[in-house]
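A.B. asks: From first to last, the protein sequence lines stand for chains U and F. 1 is the number of the first residue of the first sequence in my numbering; add one for each residue after it. 115 is the number of the first residue of the second sequence in my numbering; add one for each residue after it. Glycine residues also receive a C-beta, built at the ideal position from the N, C-alpha and C atoms.
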Amino acid sequence: GESVGLHLPTLSVQEGDNSIINCAYSNSASDYFIWYKQESGKGPQFIIDIRSNMDKRQGQRVTVLLNKTVKHLSLQIAATQPGDSAVYFCAEKEGAGGGNKLTFGTGTQLKVEL
Amino acid sequence: NAGVTQTPKFRILKIGQSMTLQCTQDMNHNYMYWYRQDPGMGLKLIYYSVGAGITDKGEVPNGYNVSRSTTEDFPLRLELAAPSQTSVYFCASSRTGSTNEKLFFGSGTQLSVL
Numbered sequence: 001g002e003s004v005g006l007h008l009p010t011l012s013v014q015e016g017d018n019s020i021i022n023c024a025y026s027n028s029a030s031d032y033f034i035w036y037k038q039e040s041g042k043g044p045q046f047i048i049d050i051r052s053n054m055d056k057r058q059g060q061r062v063t064v065l066l067n068k069t070v071k072h073l074s075l076q077i078a079a080t081q082p083g084d085s086a087v088y089f090c091a092e093k094e095g096a097g098g099g100n101k102l103t104f105g106t107g108t109q110l111k112v113e114l
Numbered sequence: 115n116a117g118v119t120q121t122p123k124f125r126i127l128k129i130g131q132s133m134t135l136q137c138t139q140d141m142n143h144n145y146m147y148w149y150r151q152d153p154g155m156g157l158k159l160i161y162y163s164v165g166a167g168i169t170d171k172g173e174v175p176n177g178y179n180v181s182r183s184t185t186e187d188f189p190l191r192l193e194l195a196a197p198s199q200t201s202v203y204f205c206a207s208s209r210t211g212s213t214n215e216k217l218f219f220g221s222g223t224q225l226s227v228l
C-alpha cells in the first residue's frame, strides 16, 4: 500500500545550526502534509502543515518544503535549540472527508548537541 | 482546558486479559481517534469516530473495540490481550474531519502484554 517514510532515523546537530529532516512519500494523490514533534513520553504535537498547492510554508523558526515532482517533504529548523530534541514525524492525507485519517512516517530522532 | 486525557499511563497485562483504555476530551471536538505506535514506527490508526454513536475501523482494528456514547469519551477495549498488542496507544481529537483540521493528542498509554 501507500506509505510515508523518512530517509534518516537519527540526526545529530550542534546547537545553533540549522536542521533538515527529510520525508519521502509514495501516494501521489496526497494533498495535505503535516510535521509533528514528539518529545519523550508525550503525544505528537503539531508543528507545521502544507497543502499540495504550495511548495513552501514558513512558521516560527521552521520551514516546510514540498517537492511534488519527486514526492519529497522536508522540515527545516533554524538555529536548532536543545528543546528541539525530539522525534519528528511527517504525515500525509489524501482528499477531504472520511475523518482526519493520517498516514504517518516512521520518524526521525533529532539530537541537539551542546 | 485539559485537552485530551488518557488513563492509565502504564499497564501490564497477561495474555488473555482484557482492559479498557480511557480517553476523554474537553474541547467539544466531534472527531476522535485511537492510534498505536510500535517501537521505532509511526502511528497507525486503530479506530475513529466522527461523532457520538458513530465509529469506524482504521488501518489496524483487529483485536480492539470502541464505543462513543458521548462527545467527550472514546474508550478503547482490548478483549483478549495478545503480545502483539504491546504498544503505546494514543488518543486524539479534532474539531472536524476537514483536511487541515489539527489533531490534538493525549500523552499516551504504554501497554505491555506478557
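(1) State yes or no: is the C-beta of residue 117 of chain F within less than 8 angstroms of the C-beta of residue 195 of chain F?
(2) Measure from the alpha carbon of residue 40 of chain U to the alpha carbon of each residue in F:223, F:227 and F:183, then state which is nearest.
(3) Contact between the stretch 70-88 of chain U and the stretch 18-27 of chain U is defined here as three or more beta-carbon pairs at a separation below 8 angstroms; is this criterion met?
(4) Thinking residue 206 of chain F and residue 147 of chain F are a contact (beta carbons under 8 angstroms), I'd like their distance in whole angstroms, please.
(5) For residue 61 of chain U, which option in U:67, U:10, U:31 and U:78 has the closest C-alpha, if you only look at C-alpha atoms?
(6) Which residue's Cα is closest to the Cα of residue 164 of chain F: F:182, F:137 and F:227?
(7) Check this for me: beta carbons of residue 106 of chain U and residue 155 of chain F, under 8 angstroms apart or not?
(8) For residue 71 of chain U, decide whether its Cβ has a neighbour in chain F, counting only Cβ atoms nearer than 8 angstroms.
(9) If we ignore side chains and look at the alpha-carbon of each, how far apart do residue 176 of chain F and residue 87 of chain U end up?
(10) Is residue 208 of chain F near the ligand NAD, judged by its Cβ being under 7 angstroms from some heavy atom?
(11) Use the C-beta contact count for residue 91 of chain U: other C-beta atoms within 10 angstroms, 16 or more gives buried, fewer gives exposed.
(12) Would you decide whether residue 124 of chain F is buried or exposed? Buried here means 16 or more other CB atoms lie within 10 Å of its CB.
(13) So, is residue 121 of chain F buried or exposed, given that buried needs 16 or more other C-beta atoms within 10 angstroms?
(14) Per DSSP, residue 62 of chain U forms a beta bridge with which residues?
C.D. replies: With the structure as the only source:
(1) The sequence position of residue 117 of chain F within the second sequence is 3, counting from 1. The sequence position of residue 195 of chain F within the second sequence is 81, counting from 1. Taking C-beta atoms as the reference points, residue 117 of chain F and residue 195 of chain F fail to come closer than 8 angstroms.
(2) Taking the first residue of the first sequence as 1, we reach residue 40 of chain U at position 40. Answer by Cα proximity: F:223.
(3) These segments touch.
(4) Within the second sequence, numbered from 1, the residue matching residue 206 of chain F stands at position 92. Within the second sequence, numbered from 1, the residue matching residue 147 of chain F stands at position 33. Contact between residue 206 of chain F and residue 147 of chain F holds, since their C-beta atoms are separated by about 5 angstroms, short of 8 angstroms.
(5) As a working mapping, residue 61 of chain U is identified with position 61 in the first sequence. Closest option to residue 61 of chain U, Cα to Cα, is U:78.
(6) Stepping through the second sequence from its first residue, residue 164 of chain F is reached at position 50. With distances taken between CA atoms, residue 164 of chain F lies nearest to F:182 out of F:182, F:137 and F:227.
(7) Against the first sequence, residue 106 of chain U aligns to sequence position 106. Against the second sequence, residue 155 of chain F aligns to sequence position 41. Contact: yes.
(8) Position 71 of the first sequence, counted from the first residue, corresponds to residue 71 of chain U. For residue 71 of chain U, the answer is no, since every Cβ of chain F falls outside 8 angstroms of its Cβ.
(9) The count along the second sequence starts at 1 and reaches residue 176 of chain F at position 62. The count along the first sequence starts at 1 and reaches residue 87 of chain U at position 87. Distance between the alpha carbons of residue 176 of chain F and residue 87 of chain U is about 27 angstroms.
(10) Among the components modelled here there is no ligand, and therefore nothing to report on the ligand NAD.
(11) In the first sequence, the residue the question calls residue 91 of chain U occupies position 91. The residue in question, residue 91 of chain U, is buried, as its Cβ has 16 or more Cβ neighbours within 10 Å.
(12) By one-based count along the second sequence, residue 124 of chain F stands at place 10. That one is exposed.
(13) What you label residue 121 of chain F is simply residue 7 of the second sequence in a count that begins at 1. Classification of residue 121 of chain F: exposed, given that the 10 Å Cβ count is below 16.
(14) The sequence position of residue 62 of chain U within the first sequence is 62, counting from 1. Under DSSP, residue 62 of chain U takes part in a beta bridge, and its partners are U:77.
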